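Q: Dropping the structure in here first, questions after.
Numbering (my numbering), first residue to last: 3 to 1116.
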């Protein structure tokens, strides 16, 4: 290649860091001008990449043609070109050129278009200014090319600078004419310089969105801006949330950097927070991005960043710059950042440059691609006075000749039950270098087999199978078509579902498959129209199911709303024909007498013809009665053309007018009765199940069905290996054995015995001692009760030993000769023990019994449902096969047994929390533990309760199962004090108290439920009076409410009150006069007082004084 012959003004010196990247840099190619943007394409179809570069200073646009022999030749195009890209704008398959132009005549900015002359040169054919675009952009800075509207034409994205306007989308009409589809910005009122325009499908909806990298002079401006393609236009979708951190970003790319399927954005930029370096905006989905500062280049001379898989490990690495321009101690140079996953990047390669010249200052990384076609990436850099193409690939490896794949001839097989066993053959594949090949067979992108000649099971239908062969470096593919056809039971009458084929006419050059044909003047469906029909072969890959397998149910093909392709192809009525083909295979039993055979139709438009193929007519036969015209009801009797066995019946349906195209109903009748087809059954093995620890499962196929209502039979088989290490290649792993002196336990190279193949290992059951006890090996496997299994094994016998086989303790079976053997058995339990032993003691010399290739297969159970045996930890796949007697269908169910990871469940007895009174006796109510996998988990109890001390106590119960899973439960025990009962005694009352009264109080009736000694305190109001249970108090006259408080010393207290009434002498004596009052007396007579009596409630002898005299003298 030419790069090694080109001039190099600077040489990169490899400095290995991590060893992940190659350590050799190719010589560079000098483009001779300062490159700011670049693109590459093979413009002349000579197999070599040519380059388009735009340069600063004069902003020249240069096309650099690669002649493949003598180097690169520069062609100058124009000044004032900020960016240029290759684009096939007119759809002729050759790369044209579109470039931006700026700084020309005042007020002119826009695009220039150059058409590829297909001879290595270009012609300027058009100019489109920003005025033409209706735009007032100050400048155009970046251009990106992509088919954003998925119409097959390449469209344009322009990024420029202007208030509120940063992006223009131009739509290509397919002829190189561009119209504005979108123009706009974020409306933030700022002048933003757009540095990079990028297309990408950011939300994985199949439509290209776009992003613009921004240089802003406002620290609150966003950096990347993203617009969403809505299908009907574009709308702003993301900008970094305000306040932003942006000053500028540049030289960006889009790629899935973290492997999550979403396109991320990488750029180099300066942030307002002081960071300078590589930024990644991680795509979180739904137009949400988060910024990561990937590589700090603070203080360095920024030169850009691009994306590429430089170490060919299928993840995207980064190439950027490091160092400082014109710095002899830390010169500027390229830096490769290896992608370690998870958005972690590590420096993986540095290339040093000479220093001190403008020619070695890297201003941009303009393009990354495989310039040499050797599978490694090259980097185009823009330097101060130059542009360089640097190679980062290792020395070229030896040329490998790719292999040649040969998938063998196409095959056609018959199947009576819906599937057939087919052996594929890739043995004719080859490799010119003699490299060993690996083989992979796939269908529809899914691998179905490996190996050179695998045998596989294919269902009824047509299968295109791809063989991929690899020599370790290159691959090659080939395809084989395998047709699995219904083969009806020769003793049964029936037919296959209708199939449909759109015809071979389109493949033969007729657009839409419509053939020009003038049938004017004839009835629709005229038999002459079939002269241009070609019936596809029976196994042509174009055959597929008809809309209705029973009735055909065809209602035409055409543009939406029309059933016909005639007008789609541009023809009118009876000026062209379109054929659609239908086939079914009818089986006629050998012992059947056929008296009538016809096809009945309904909804015929425009006509049909019947062709019958069978053993009598291998090339097909058409009877005049086979033609059916527009709205015809059926054919004539064709019984004379059918034969015993398989009869292929083909309906050729013709459409000759755009007005309609249908074949709604077709029914095969034989001897006056309809011949129906059998629909295959549908197997349903039920939902996947899972459990922990050894477990059994009930599998149920009752969800299976048959569309025809046929009775079904059921068969279950467990897939996978039942025995462990049946080849003994891992010694005795999986087996237990008995015997001494090596008997039953020696693993030796089989190649030493019985002419077997070297490297195959087996077990000697005789041993090495003289008359050693017989050796035996055994293994217990999981089986399903009632299932049928086959035990297979190989033995090599030297001398007189015999092998004794015992299955689950049953009757022993003896084998004495070298050979391969099989024993069928039915499992009677969920586990079965296989034991193989020698039949006696023999001297080692001359006697050997070698055992190898022990396996157990099968496990078939014939019932609609069953319960498996107890399965150990693992994953098990059961295949259910259902049959309706003709066809079969399968379904799989996976049952998974996980290791016991669930802790036991603890159930507490009694109350929680549990409350008890101090000084009472504590009895633990206990707990129980249950575990799905361990019937007897160990339950322990920790923690103590002191019933004499108040407080809260925790009792912990721990349950542990046999797998070590444990759980805990706690009970809270609260020891509380009972409150005492205060009794202050009966109320007391005292009368006629002159001053004070001695009162005996009585609180002896108080008590404490816990039996605690009580203290007594008597108060009146807030005044303490006495203590003790029965104090004597002196109380003055009045009513006294006394409070007794008793305390048990443990925080419990209670009160009671008693009323003591002390009454004083408050009533005066009662004086009662004797005699009348008043008393009349005679003057001068003496007066004798009648006297009086006096009484007092409190004083028995009150004092009475009389102080008045009676004077009778007057």
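Cβ coordinates follow ideal geometry from the N, Cα and C atoms, glycine included.
All of these numbers come straight from a predicted model, not from anything done at the bench.
I'd like the list of long-range same chain contacts for residue 1073, defined as Cβ closer than 8 Å, with 5 residues on each side in sequence excluded.
A: 1094, 1095, 1096 and 1106, listed in sequence order.
Q: Taking only the alpha-carbon atoms, compute the straight-line gap between residue 911 and residue 931 and give it to the nearest angstrom.
A: Answer to the nearest angstrom: the Cα atoms are 11 Å apart.
Q: So, using beta-carbon positions, are residue 974 and residue 1011 closer together than 7 Å?
A: Not closer than 7 Å, so no.
Q: Measure the alpha-carbon distance for residue 823 versus residue 795 and round it to whole angstroms.
A: In a straight line, the C-alpha of residue 823 is about 6 Å away from that of residue 795.
Q: Tell me, please, which residues DSSP counts as bridged to residue 335.
A: 324, per the DSSP bridge assignment.
Q: What are the start and end residues of the beta strand (DSSP E) that includes residue 668?
A: Note, residue 668: beta strand (DSSP E), 664-672.
Q: Who are residue 518's beta bridge partners in DSSP?
A: In the DSSP output, where bridge partners are listed per residue, residue 518 has 578.
Q: Alpha carbon to alpha carbon, how far is residue 152 from residue 627? Give it in angstroms, no decimals.
A: Near 50 Å, if we compare the C-alpha coordinates of residue 152 and residue 627.
Q: Buried or exposed for residue 950, going by 16 or more other Cβ atoms inside 10 Å?
A: Exposed: under 16 other Cβ atoms inside 10 Å.
Q: Rounded to whole angstroms, what is the Cα-Cα separation between residue 441 and residue 880?
A: Each residue's alpha carbon lies about 28 Å from the other.
Q: So residue 691 and residue 726 are in contact, right, with Cβ under 8 Å, and what is the actual spacing, rounded?
A: Their Cβ separation, rounded to whole angstroms, is 23 Å, which puts residue 691 and residue 726 out of contact at 8 Å.
Q: Spell out the partners DSSP gives residue 824 in its beta bridges.
A: In the DSSP output, where bridge partners are listed per residue, residue 824 has 794.
Q: Rounded to the nearest angstrom, how far is the Cβ of residue 829 from that of residue 785, given a contact under 8 Å?
A: Indeed, because the Cβ distance is near 4 Å, the residues count as touching under 8 Å.
Q: Residue ranges of each beta strand (DSSP E) run of no fewer than 3 residues wholly in the stretch 195-235, ordered along the chain?
A: Fully enclosed beta strand (DSSP E) runs of 3 or longer: 211-218 and 226-231.
Q: Whose CA, out of 980, 307, 112 and 993, lies closest to the CA of residue 1050?
A: Selected option, being the one with the closest Cα: 980.
Q: Could you check the C-alpha separation between residue 403 and residue 430 for me, to the nearest Å?
A: Near 17 Å, if we compare the C-alpha coordinates of residue 430 and residue 403.
Q: Cβ atoms of residue 541 and residue 678: under 7 Å apart, would you say?
A: No, Cβ-Cβ distance for residue 678 and residue 541 is not below 7 Å.
Q: Using the rule of at least 16 other Cβ atoms within 10 Å of the residue's Cβ for burial, across every protein chain shown, is residue 948 buried or exposed?
A: It is exposed - the Cβ of residue 948 has fewer than 16 other Cβ atoms within 10 Å.
Q: Rounded to whole angstroms, what is the Cα-Cα separation between residue 437 and residue 500?
A: Their Cα atoms are separated by approximately 47 Å.
Q: Per DSSP, what are the beta-bridge partners of residue 918 in this structure?
A: Answer is 977.
Q: What is the rounded straight-line gap between the Cα of residue 375 and the Cα of residue 273?
A: Distance between the alpha carbons of residue 375 and residue 273 is about 38 Å.
Q: Would you mind working out which of 893, 635, 970 and 1015 sits nearest residue 983, comparing C-alpha positions?
A: With distances taken between Cα atoms, residue 983 lies closest to 1015.
Q: Apply the 10 Å Cβ neighbour rule to residue 319 and answer buried if 16 or more other Cβ atoms are within range, or exposed otherwise.
A: So residue 319 counts as buried.
Q: Would you report the Cα separation of residue 234 and residue 184, rounded to the nearest angstrom?
A: Those two C-alpha atoms are separated by around 10 Å.
Q: How would you label residue 446, buried or exposed, when you count the other beta carbons within 10 angstroms and need 16 or more for buried?
A: Burial call: exposed.
Q: Nearest by alpha-carbon distance to residue 1077: which of 1090, 737, 675 and 703 is it?
A: It is 1090 whose Cα lies nearest to the Cα of residue 1077.
Q: Ignore the nearest five residues each way along the sequence and tell me which others in residue 598's own chain have a CB closer than 8 Å to its CB.
A: So the list reads 639, 641, 671, 672, 673 and 674, once near-sequence residues are dropped.
Q: Quick one: which unbroken beta strand (DSSP E) runs of 3-plus residues sit fully inside the stretch 941-993? Chain order, please.
A: Counting whole runs of 3 or more residues, the stretch 941-993 contains the beta strand (DSSP E) stretches 953-962, 968-978 and 990-992.
Q: Measure the Cβ-Cβ separation of residue 283 and residue 238 and say whether it is below 7 Å.
A: Not in contact: residue 283 and residue 238 (Cβ atoms no closer than 7 Å).
Q: Where residue 377 and residue 477 are concerned, what is the direct C-alpha to C-alpha distance, given to the nearest angstrom?
A: Looking at the two C-alpha atoms, the distance is approximately 15 Å.
Q: Need the endpoints of the beta strand (DSSP E) that residue 1019 sits in, please.
A: Note, residue 1019: beta strand (DSSP E), 1017-1022.
Q: Exposed or buried, what is residue 873 when buried is set at 16 or more other beta-carbons lying within 10 Å of its beta-carbon?
A: Under this definition residue 873 is a buried residue.
Q: Decide if the stretch 825-841 is in contact with the stretch 851-870; the criterion is three or more beta carbon pairs, one per stretch, under 8 Å apart.
A: Judged by Cβ distances under 8 Å, the stretch 825-841 makes contact with the stretch 851-870, as three or more pairs qualify.
Q: Could you have a look at residue 641 and say whether DSSP puts it in helix, strand or coil?
A: Of the three classes helix, strand and coil, the one that applies to residue 641 here is helix, per DSSP.
Q: DSSP on residue 98, reduced to helix/strand/coil?
A: Three-state DSSP puts residue 98 in a strand.
Q: Quick one, which of 125, 1044, 680 and 1017 has its alpha-carbon nearest residue 988's?
A: That would be 1044, whose Cα lies nearest to the Cα of residue 988.
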